[in-house]
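Visitor: Below you will find the structure I want to go over with you.
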Amino acid sequence: MQCSAVTSQFVANYLFSDAGTLPSLREKHDEFMLRELVKRWANHKVMVRWLSRFFHYLDRYFIARRSLPPLNEVGLACFRDLVYQELNGKARDAVISLIDQEREGEQIDRALLKNVLDIFVEIGMGQMDYYENDFESAMLKDTAAYYSRKASNWILDDSCPDYMLKAEECLMREKDRVSHYLHSSSEPKLLEKVQHEELSVYANQLLEKEHSGCHALLRDDKVEDLSRMFRLFSKIPRGLDPVSSIFKQHVTAEGTALVKQAEDAASSKKADKKDVVGLQEQVFVRKVIELHDKYLAYVNDCFQNHTLFHKALKEAFEVFCNKGVAGSSSAELLATFCDNILKKGGSEKLSDEAIEETLEKVVKLLAYISDKDLFAEFYRKKLARRLLFDKSANDDHERSILTKLKQQCGGQFTSKMEGMVTDLTLARENQTSFEEYLSNNPNANPGIDLTVTVLTTGFWPSYKSFDLNLPAEMVKCVEVFREFYQIKTKHRKLTWIYSLGTCNLIGKFEPKTMELIVTTYQASALLLFNSSDRLSYSEIMTQLNLTDDDVVRLLHSLSCAKYKILNKEPNTKIISPTDHFEFNSKFTDKMRRIKIPLPPVDEKKKVIEDVDKDRRYAIDASIVRIMKSRKVLGHQQLVMECVEQLGRMFKPDFRAIKKRIEDLITRDYLERDKENPNLFRYLA
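Under full-length UniProt numbering, think of the first position of the sequence shown as 1, with each following residue one higher.
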C-alpha cells in the first residue's frame, strides 16, 4: 500500500511541476494542445513503464499478494484523474472542430486525431466508457447537427439524384473517417446519425420530388439512380417501404395503360376486321411480357432481388393482368398467345430458343392470373385442336411448356394435358396396329384410307357426340375399326365424335376434278348428292340427323362461303328451312386441292360453363375435406379456409361457397348447429 502511495505521489509531483504535463497543456489550445497532449501521454506511458520495471519484484509479489492495483494501473490512473479529467472536454471540442473542418473539405492531421482518440480508449484500461461518454456522444450529437444543416439546404436546392449522390458520398467519407481515426465501434452509430438526418427525415420529400423523385426515375429508366436509391434507403428502418410502394404504383399504372391501349385499339378495329382484333390482343400479351421483363430486371439488378420488390411486382401485375381486353379474359389471352406460338403457321414466328424463352415468360405471367383453371381449360381446348388436326409445330415444345406449367401450378394442373399428349402417341401406335390388321385381313379392308384417333374421355375437353347418319361408304369404315378395336380391348366402349373428323373427297366437276378437304359433316352432306340432284333443307337435316344449328353452319359453308360447292335456291347469304340445294357441277378454282372450312363454334361460353361446373365440384370437395378434419367449424372460418385452399387455382366467390354449403347440407354432408346457425357439423 505504501509503495503505491509513493508511486502516486511521485507521478503527481511530476504532472504538477513547472516542467510537467499540466502546466504545459494549460497554456496551449486547439491543435497545439492536442499535439502536446499526445506527446505528454506518450512520455507518461514511458515513465510508468520504467517505474513498473524498477519495482518489478514488488509489483509481481508484494502488491499481488495484497490484491493491490499494479503500478502500471496506478500510474495511468494518476494521469486520468489529474490530467484527463481536467482537459478531456477541451480535447474533445478540439477534435470535433477538426472533424467538422475536414467535412468542409479542409486538410487535417488524421494521425494526430487517431493518437488523441486512442488516449480516450486507453484511459479506460479495457473499458470503452471514457471514449463513449466523454467523446463519442458529443461527436454524434455534432454530426447530427452538421448533417441536419446540410440536408435542409440540399433538399431545397438539389434534385433527387444529386441529393442521393451527396448522401452516398457523405456516408462513404464517414466510413473513411472511422477507418482512419475513429474507433471501429463508432461506425454503426455514426452512419445511423447521417442516415437519419439525410434520409429518414426527408424520405417522403425526396422520393416524391415532382421532376426527379422515384416516379420520375422509374419513368425515365434511371437504373443507376434507382440502384443508389435502393442502397441508401435499405440502410434506414422501413426505408424501402415507400420505395416499393411507389414502384408498385408505377408498374400498376403502366400495366393499366397497356390494358386501356389494347382496349382502345381493339374497339377501333372491331368494325373493320375481326382478325385484327385478335392480332391486337397478341400484341397486348407481348407488351405485358416485355413490361414484366423490364421490371423483373429492375427487381433483380436495381433492387438486389429484395423480397419487398418481388411482392410489389407481383401485386402490381395481379391488378392489371386480371383485366380482360376486348371481351376476352386474361386467361384466354394467355392461352391464345401460347397457341399462336405452338401451332403451325401461328402469328408468332420465333426460333426454337426464342419459343422456349417466351413460354418460360408466359408461365411466369400465369402466376399473376387468379383464374388459372380458366386458362387450363382454354389451353386444353387449343391443345386438343393442335394435336387432333396435326397443327402442332413441335412436340418437344408442347412437352416443354407442360413441364413448366407443372412446376408452376402442380401436377394436378397438367395431368389432363399430359394425358392428351400421351393419347396421341398411343394413337399413332394404334393406327400402325390397325394398318397391320387390314393388311392381314384383306376382306375387312373398306377400300378407304382410314385414320382413327382413340381418345381417353377423362383427358380431353367434352365434345358433343351426335348420332350422325353416316353415308354407306363411311359406315363400313366404322364397323371395320370397331371389330379391330374389340379384338384388341374387349371392355372399352367407342363413342364416335364426328365433329372432329376430316375427309378428303374427290369432286368431279365439269371444268376439272378436284380434291376437297372437308369435315365429316360436310363430307356426309356432299355424298348425299351422289344419289340426288336436288335436296331440300329439311331432307338434308333428316338424312343426316343433325340439329338446326349444325345444318345451318354446314350448308352455309358449302353454298354461301368462298367455295360454293352447292348452289342454293334462293341465292341469298342466309340459310332458311325452305331452301333447296343442288350440286354445283360448274364449280372451279385455280387450285386442284382446296380446304373448305366449317365456321367455328364460339367455344368461349362452353369453356366458361365447364369451368363453373368444375369449380362447384372443387368447392364441394374443399368444404368436405375441411369439415372432415375439423368436424365442427364456424361459417366465417370455413369460408376463409376454403378460399385459402382453392386460391392457387381460382378465387372462389363467397356467395358461391355459401351456396355450396347449403347444397351439402341438403345432401346430408353437413348440418347446422341447432343453437348456433353459424356453426356447422360434419356428418360422417
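Where a beta carbon is used, it is the ideal one built from N, C-alpha and C, also for glycine.
The structure displayed is predicted, hence computed values, not measured ones.
With DSSP as the reference, identify every bridge partner of Ile594, one or two as the case may be.
Guide: The partner list for Ile594 (beta bridge, DSSP) reads Leu516.
Visitor: Just curious, the beta strand (DSSP E) that Tyr131 is in, first and last residue?
Guide: Looking at the DSSP string, Tyr131 is not in any beta strand (DSSP E), and its letter there is neither H nor E.
Visitor: Over what stretch of residues does the alpha helix (DSSP H) that includes Arg385 continue unbroken?
Guide: Taken as a continuous stretch (DSSP letters only), the alpha helix (DSSP H) holding Arg385 covers 372 to 388.
Visitor: Kindly confirm or deny that the region 130 to 137 and the region 103 to 113 touch, where touching means at least three C-beta pairs closer than 8 Å.
Guide: Taking 8 Å as the limit for Cβ pairs, the verdict is that the region 103 to 113 does not touch the region 130 to 137.
Visitor: By a C-beta neighbour count over all protein chains shown, 10 Å radius and 16 as the cutoff for buried, is Glu675 buried or exposed?
Guide: Classification of Glu675: exposed, given that the 10 Å Cβ count is below 16.
Visitor: Does Arg32 pass the burial test, meaning 16 or more other C-beta atoms within 10 Å, or should it be called exposed?
Guide: Looking at the sequence provided, one finds Phe at residue 32 rather than Arg. Exposed is the call here.
Visitor: List the residues that DSSP assigns as beta-bridge partners of Lys568.
Guide: According to DSSP, Lys568 bridges with Phe581.
Visitor: Where Asn340 and Ile596 are concerned, what is the direct C-alpha to C-alpha distance, given to the nearest angstrom?
Guide: Approximately 22 Å between the Cα atoms of the pair.
Visitor: Report the CB separation of Glu377 from Val601 in whole angstroms; it is logged as a contact under 8 Å.
Guide: 15 Å between Cβ atoms; not a contact.
Visitor: Pick helix, strand or coil for Leu470, following the three-state DSSP scheme.
Guide: Reduced to three states, the DSSP call for Leu470 is coil.
Visitor: Which residues mark the beginning and the end of the beta strand (DSSP E) in which Asn504 is found?
Guide: Note, Asn504: beta strand (DSSP E), 502 to 508.
Visitor: Assign Thr422 to one of two classes, buried (16 or more other C-beta atoms within 10 Å of its C-beta) or exposed (fewer than that).
Guide: Its Cβ having fewer than 16 others within 10 Å, Thr422 is exposed.
Visitor: I'd like to know if the region 620 to 634 and the region 481 to 490 are in contact, where contact means that at least 3 CB-CB pairs between them fall below 8 Å.
Guide: Too few Cβ pairs lie closer than 8 Å, so no.
Visitor: Alpha carbon to alpha carbon, what distance is there between Phe317 and Ala393?
Guide: Roughly 30 Å between the two C-alpha positions.
Visitor: With H, G and I counted as helix, E and B as strand and the rest as coil, what does DSSP make of Val288?
Guide: The answer is helix: DSSP assigns Val288 an H, G or I state.
Visitor: Using CA coordinates, which residue listed in Arg385, Gln522, His196 is at the minimum distance from His148?
Guide: Note that residue 148 corresponds to Ser in the displayed sequence, not to His. The option with the nearest alpha carbon to Ser148 is His196.
Visitor: Give the straight-line distance between the Cα atoms of Glu515 and Leu279, rounded to the nearest whole angstrom.
Guide: So the alpha carbons of these two residues sit roughly 32 Å apart.
Visitor: By the 10 Å Cβ neighbour count, where 16 or more other Cβ atoms means buried, how is Ala654 classified, buried or exposed?
Guide: At residue 654 the sequence reads Phe, which differs from the Ala that was named. With fewer than 16 Cβ atoms within 10 Å of its Cβ, Phe654 is classed as exposed.
Visitor: According to DSSP, simplified to helix, strand and coil, what is Phe680?
Guide: In the structure shown, Phe680 sits in a strand (DSSP, three-state: E or B).
Visitor: Give the list of continuous alpha helix (DSSP H) stretches no shorter than 4 residues that lie fully inside the region 637 to 680.
Guide: Runs found: 654 to 666.
Visitor: So what does DSSP say about Arg534, is it helix, strand or coil?
Guide: Correct three-state label for Arg534: strand.
Visitor: Give me whichever residues DSSP pairs with Leu366 in a beta bridge.
Guide: Note: Leu366 sits in no beta bridge, so no partner.
Visitor: Pick helix, strand or coil for residue 686, following the three-state DSSP scheme.
Guide: Absent from the structure is residue 686, since the part of the chain shown begins at 1 and ends at 684.
Visitor: What residues match up with Gly634 in a beta bridge as DSSP calls it?
Guide: According to DSSP, Gly634 bridges with Leu679.
Visitor: Have a look at Glu510, Arg553, His580 and flag the residue whose alpha-carbon is nearest the alpha-carbon of Asp533.
Guide: Comparing Cα-Cα distances from Asp533 to each of Glu510, Arg553, His580, the minimum goes to His580.
Visitor: Phe587 and Lys573 - do their beta-carbons sit closer together than 8 Å?
Guide: Not a contact, by the Cβ cut-off of 8 Å.
Visitor: By a C-beta neighbour count over all protein chains shown, 10 Å radius and 16 as the cutoff for buried, is Ile487 buried or exposed?
Guide: Exposed, by the Cβ-count rule.
Visitor: For Asp118 and Ala42, I'd like the C-alpha separation in whole angstroms.
Guide: When rounded, the distance between both Cα atoms is 11 Å.
Visitor: Report the residue from Arg428, Asn469, Gln205 whose alpha carbon sits nearest the alpha carbon of residue 705.
Guide: With the chain covering only 1 through 684, there is no way to say anything about residue 705.
Visitor: Quick check on DSSP: helix, strand or coil for Val325?
Guide: Looking at Val325 - three-state DSSP - the assignment turns out to be strand.
Visitor: Do Lys464 and Phe650 come within 8 Å of each other at the CB atom, strictly closer than that value?
Guide: No, the pair does not count as a contact, with Cβ atoms beyond the cut-off.
Visitor: Compute the beta-carbon to beta-carbon distance between Cys338 and Val288, rounded to the nearest angstrom, for a pair I have assumed lies under 8 Å.
Guide: Going by Cβ atoms, the distance from Cys338 to Val288 rounds to 13 Å, so no, they are not a contact pair.
Visitor: Please state if the CB of Glu263 and the CB of Val325 are separated by a distance shorter than 8 Å.
Guide: Yes. Within cutoff.
Visitor: Pro677 to Glu671, Cα distance in whole Å?
Guide: Taking the straight line from one Cα to the other gives about 9 Å.
Visitor: Quick check on the DSSP output: the alpha helix (DSSP H) that includes Arg177 runs from which residue to which?
Guide: Here the alpha helix (DSSP H) through Arg177 covers 160 to 180.
Visitor: Which of the three DSSP states, helix, strand or coil, is assigned to Lys586?
Guide: In this structure, Lys586 counts as coil in the three-state DSSP scheme.
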